[in-house]
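**Q** One structure follows; several queries about it will come next.
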Amino acid sequence: MEIALAQHDVVRALHLDLVAVVGTEQHAITHLGRPYVLAERHHFCPHQTLGHLGGGGDQDAARRLTLAVLVRHLHQQPVVEHLDREFVAGRHDGEGTGPGYRADVEWVQLTTSDGHVLDADLSQVPDARAGVVLCHPHPQYGGSRFDHVVSALFDGLPDHAISVLRFDFRRAYGGGIDERIDAAAAIDVLAGRLDGRPVHLVGYSFGAMVALGTAHAGVASRVLIAPPFPMDPALASDGPLAGPTLVIVPEHDQFCPPEAARAVVDTWGDAALATVSMADHFLVGRASVVVDLVGEWVTGRRPSSDP
15 MEIALAQHDV VRALHLDLVA VVGTEQHAIT HLGRPYVLAE RHHFCPHQTL
65 GHLGGGGDQD AARRLTLAVL VRHLHQQPVV EHLDREFVAG RHDGEGTGPG
115 YRADVEWVQL TTSDGHVLDA DLSQVPDARA GVVLCHPHPQ YGGSRFDHVV
165 SALFDGLPDH AISVLRFDFR RAYGGGIDER IDAAAAIDVL AGRLDGRPVH
215 LVGYSFGAMV ALGTAHAGVA SRVLIAPPFP MDPALASDGP LAGPTLVIVP
265 EHDQFCPPEA ARAVVDTWGD AALATVSMAD HFLVGRASVV VDLVGEWVTG
315 RRPSSDP
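Put into structure tokens, the structure is as follows:
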């Protein structure tokens with residue numbers, strides 16, 4: 015569904031799955047991107063305005079029951095309003111993130127060492143203990159920085175006093191190799207905001223393999239969420255695994271169950287494995303468990319498998 019909007023027009027919809035702003039009307043939105051379903055975020059009532067749709071690219075509307083947006087500068091443009099169906103969105107600038115912590119979310123762009131410009135979001139907590147860079151699942155299978163596990167981490171880790179940067183890999187798929195350059199650019203940007211505090215690299219699925227293979231002196235540790243072991247040898251680390259590593263494996267992972275992951279992790283030096291019960295590779299309904307495991311690891315508490 016495409017809806018052309020003049021600057022002062024709005025869309026009213028009872029069941030709105032996809033909005034694409036086309037042609038010259040794109041100036042009415044700060045940044046047009048990808049709708050994606052998110053759960054348990056901030057809910058906006060009728061007559062509130064939207065200023066930033068995050069992501070890039072059309073989606074299959076049949077699989078999306080609501081429109082999720084990363085909201086920035088809500089006061090700027092009356093772009094879309096709805097009647098009885100809520101829009102679901104991530105935290106916006108200045109929104110509190112939990113007891114005692116507050117994060118400011120901004121859209122940023124990263125430039126890689128080989129000249130690619132990547133979209134990213136930064137959730138920065140003043141006086142953060144550490145920072146986390148998030149690597150998303152396979153871009154050729156719908157993975158983006160708005161993946162539900164990545165989004166849960168982006169939204170939840172600030173409650174642990176952790177600043178978070180998530181980004182989209184380059185548009186031209188690099189086989190998991192070029193994406194390491196993208197991750198390195200994200201690490202550099204986040205490290206520049208943290209004044210010497212540690213940066214941890216966290217990846218989910220394909221993103222876990224990118225995190226594993228990214229050699230960067232600024233990485234304090236790695237967290238690999240549902241890594242698809244056994245791996246393509248091309249996606250393995252360039253050298254000996256540097257720094258501590260946490261591997262989080264769903265109990266019923268279709269690609270790498272805990273026993274297979276254990277066989278790999280046991281060959282590494284400073285590594286730990288945690289399992290997520292009642293979950294498969296896609297971690298539906300269990301992303302909050304992953305957030306807690308990552309938060310504990312990054313803040314120096316040794317996580318264990320969830321009950």
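The numbering of the sequence shown is the working numbering, which starts it at 15 and goes up by one. Ideal Cβ placement from N, Cα and C applies to all residues, glycine included. As the structure is a computational prediction, the values presented were derived from the model and not from experiment.
1. Where does Pro60 land, buried or exposed, given buried means 16+ other C-beta within 10 angstroms?
2. Quick one: is Ile201 buried, meaning 16 or more other Cβ sit within 10 Å of its Cβ, or exposed?
3. Could you give the first and the last residue of the continuous alpha helix (DSSP H) run that contains Ala186?
4. Looking at C-alpha atoms only, which residue of Ala231, Pro212, Asp209 is the closest neighbour of Ala198?
5. What is the rounded straight-line gap between the Cα of Val304 and the Cα of Gly156?
6. Let me confirm a value: Asp223 is counted as buried when at least 16 other C-beta atoms fall within 10 Å, else exposed. Which label applies?
7. Consult DSSP for Gln154 and reduce its assignment to one of helix, strand or coil.
8. Exposed or buried, Ile176, counting other C-beta atoms within 10 Å across all chains shown (16 or more means buried)?
9. Enumerate in chain order the residues of its own chain whose CB-to-CB distance from Gly206 is below 8 Å, with the five nearest sequence positions on each side excluded.
10. Using the rule of at least 16 other Cβ atoms within 10 Å of the residue's Cβ for burial, across every protein chain shown, is Ser235 buried or exposed?
11. Using only CA atoms, which one of Asp128, Glu193, His174 lies nearest to His150?
12. Keeping to the same chain, check which residues put their C-beta closer than 7 Å to that of Leu171; ignore five residues upstream and five downstream.
13. Taking DSSP as the reference, what is the three-state secondary structure of Arg316?
14. If contacts are defined as beta-carbon pairs under 8 Å, then Ser302 and Glu265 qualify, I think. What distance do you get, rounded to the angstrom?
15. What three-state label does DSSP hand Gly206 in the structure shown?
16. Ends of the alpha helix (DSSP H) at Leu215?
**A** So, to answer that:
1. Residue confidence is low: Pro60 scores 39 on pLDDT, short of 50, so the model does not pin down where it sits. No coordinate-derived value is stated.
2. buried
3. No alpha helix (DSSP H) holds Ala186; DSSP gives it neither H nor E.
4. Ala231
5. 21 Å
6. Looking at the sequence itself, residue 223 is Met, so the reference to Asp does not match. By the neighbour-count rule (16 or more Cβ atoms within 10 Å), Met223 is buried.
7. helix
8. buried
9. none
10. buried
11. Glu193
12. Val146, Val178, Val305, Val308, Gly309
13. coil
14. Between Glu265 and Ser302 the Cβ distance is about 16 Å, and since that is not below 8 Å, they are no contact.
15. helix
16. Run containing Leu215: none in the alpha helix (DSSP H); it sits in the beta strand (DSSP E), 213 to 218.
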